[in-house]
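First up is the structure itself, then whatever we jot down about it.
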Amino acid sequence: MFTAEKLMTAEKDSLPALSKELDEGDLALIVDWLSDKDDKLRYPSLLILLAKAKDSDELYKYWDVFRGKLKSDNSYQRSIGLMLLAANVKWDSDGKFEVSFDEFCALLNDEKPITVRQCIQAFADIVPYKPEMRGKIAGALMSVDILSAKETMRKLFLLDIINILILIRKDEQTAQTEKYISDALTGGILDSKSKKAVQAELLD
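Following my numbering, the numbering of the sequence shown begins with 504 at its first residue and continues without gaps.
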């Protein structure tokens with residue numbers, strides 16, 4: 504039987520291999536542990552489930568559980584929810600992400616900057632599996648009010664957004680996304696080093 508002690512004492516690098524050994528009962532147990540207040544159990548629970556989702560659709564049935572976390576009062580739970588939804592989009596044959604899209608994107612305006620960044624970055628796991636939503640995703644990202652964020656976070660938010668737009672841009676370019684990136688490269692939020700890095704990505 505899989506135990507909390509086994510998970511908490513496992514090396515981080517061993518979690519992907521360990522995830523392959525989990526049965527249905529183990530998964531149900533670990534999903535419950537996501538709500539534990541002890542981060543020493545909660546965090547490895549998240550990591551092992553993210554590893555499991557890469558190779559198996561067995562967590563897809565918990566979609567509504569993960570979706571429910573998006574509206575949690577606890578920012579860590581919101582982050583857990585968005586990351587596990589993003590990780591399971593590859594198995595979304597029922598169009599559940601489309602239904603959850605507005606709730607997911609609400610976290611682009613979360614009060615916690617780390618949650619906002621995690622939400623933006625999570626689209627890297629979503630875009631490849633939802634090509635029909637590229638335009639909608641790009642629109643949501645470009646609507647984030649960068650200037651309303653703390654000054655120390657603006658560059659990070661903008662770079663995260665540009666990285667996803669560049670991913671979308673590889674398959675679909677629009678005048679709106681091109682203008683957004685161009686404005687970012689000529690604006691004052693990014694420093695010269697960041698601008699050069701973005702330009703290099705555009706040429707890749």
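In this text, a Cβ means the ideal position worked out from N, Cα and C, and glycines have one as well.
- Around the beta carbon of D529, a 10 Å sphere encloses 16 or more other beta carbons of the protein chains shown; the residue is thus reported as buried.
- Within the model, the alpha-carbon separation for F660 versus Q624 is close to 10 angstroms.
- Residue range 678 to 689 is occupied by the alpha helix (DSSP H) that includes T689.
- D605 and G638 have their C-alpha atoms spaced approximately 14 angstroms apart.
- Ranked by how close their Cα comes to the Cα of L553, the residues Y579, R581, L587 have L587 in first place.
- Listed in chain order, the alpha helix (DSSP H) runs fully inside the region 535 to 584 are 542 to 558, 566 to 572, counting runs of at least 4 residues.
- Remark: three or more beta-carbon pairs, one from each stretch, lie closer than 8 angstroms, so the region 590 to 606 and the region 615 to 635 are flagged as touching.
- Contact fails between the region 650 to 659 and the region 668 to 686, because fewer than three Cβ pairs, one in each stretch, are under 8 angstroms apart.
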